[in-house]
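In the working numbering, the protein residues as written are 994 to 1243.
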């Protein structure tokens, strides 16, 4: 109620029926720009969640490209695949821990620079993390990759909402924040639909290269951040993280 009183939001404003397509086509410029960045962020994240076990089992544990968990009878290969799956779990835990730690220092970095610089930097580090998975000769070094990915994860959960909040009209804040969630869902749907065909058609089933591609896409997202118009630091990172809290699939 304090928010409504401060922003002069009446009961009439709250009861208005808004046309979805009208809102979509008249969304603020900053929201349009952030939607592109979101595409370049969530598309590679979904690739990570889906194809990490395939990529790491092939590239680091010697699992053949034609491995099928349902039909494989060679116990050595099955054990290697299981070990890879366990290591992926460790990697995911590490990047989640890094994200939690980075979220604590993010506000301090923003004070030293600005939100766009921190956001772009996080995505660049994430892109580096993805791409670096190709070049190590020991799976333990993948924890280095997870540092970059964890930083990107923290930035993706907080920064778009922090930047967006300052550009939205108060009377449409809830509606546009709801619409903005489509920029999380749609890229993951696209990734789910096209990830498999891309892996088979362009990379011959070698999963590590789809992670490299994901890194390139995320780095492009970092570049796109510099084209986003930031209306100013009017929303705290803590508030933004509550607004944009998202949990990856199991």
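Glycine included, each C-beta is placed from N, C-alpha and C at the ideal position.
Would you kindly check if the distance between the Cβ of residue j and the Cβ of residue i is under 7 Å?
| i | j | result |
| --- | --- | --- |
| residue 1118 | residue 1082 | no |
| residue 1143 | residue 1091 | yes |
| residue 1055 | residue 1077 | no |
| residue 1040 | residue 1203 | yes |
| residue 1026 | residue 1219 | no |
| residue 1150 | residue 1205 | no |
| residue 1103 | residue 1111 | yes |
| residue 1190 | residue 1036 | no |
| residue 1108 | residue 1163 | no |
Am I right that residue i and residue j are in contact with their C-beta atoms under 8 Å? What's the rounded C-beta distance?
| i | j | result |
| --- | --- | --- |
| residue 1046 | residue 1160 | Not a contact, Cβ separation roughly 39 Å. |
| residue 1172 | residue 1020 | 7 Å |
| residue 1208 | residue 1123 | 3 Å |
| residue 1200 | residue 1062 | With a Cβ gap of about 14 Å, residue 1200 and residue 1062 do not count as contacting. |
| residue 1146 | residue 1088 | 6 Å |
| residue 1058 | residue 1198 | 5 Å |
Look up residue i in the DSSP assignment and say whether it is helix, strand or coil.
| i | result |
| --- | --- |
| residue 1162 | coil |
| residue 1079 | helix |
| residue 1020 | coil |
| residue 1128 | coil |
| residue 1046 | helix |
| residue 1222 | coil |
| residue 1216 | helix |
| residue 1057 | coil |
| residue 1069 | helix |
| residue 1036 | helix |
Would you say residue i lies against chain D (beta-carbon separation less than 7 Å)?
| i | result |
| --- | --- |
| residue 1044 | In the displayed structure, chain D is absent; only one protein chain is listed. |
Checklist entry - Is the region 1204-1213 in contact with the region 1063-1073, if contact means three or more CB pairs nearer than 8 Å? => result In the pairwise beta carbon analysis, the region 1204-1213 is classified as not touching the region 1063-1073: fewer than three pairs are separated by under 8 Å.
Checklist entry - Is the region 1026-1037 in contact with the region 1175-1194, if contact means three or more CB pairs nearer than 8 Å? => result As far as the Cβ criterion goes, the region 1026-1037 touches the region 1175-1194, which means the pair count is three or higher.
Item to check | beta strand (DSSP E) segments (min. 3 residues) lying fully within the region 1165-1211 | outcome: You should have found no qualifying run.
Checklist entry - Taking contact to mean at least 3 C-beta pairs separated by less than 8 Å, is the region 1182-1199 in contact with the region 1123-1139? => result No, because fewer than three Cβ pairs between the region 1182-1199 and the region 1123-1139 fall closer than 8 Å, the two stretches do not touch.
Checklist entry - For the region 1077-1157, which segments carrying the alpha helix (DSSP H) assignment without a break, of at least 4 residues, lie completely within its bounds, in sequence order? => result Listed in chain order, they are 1108-1125.
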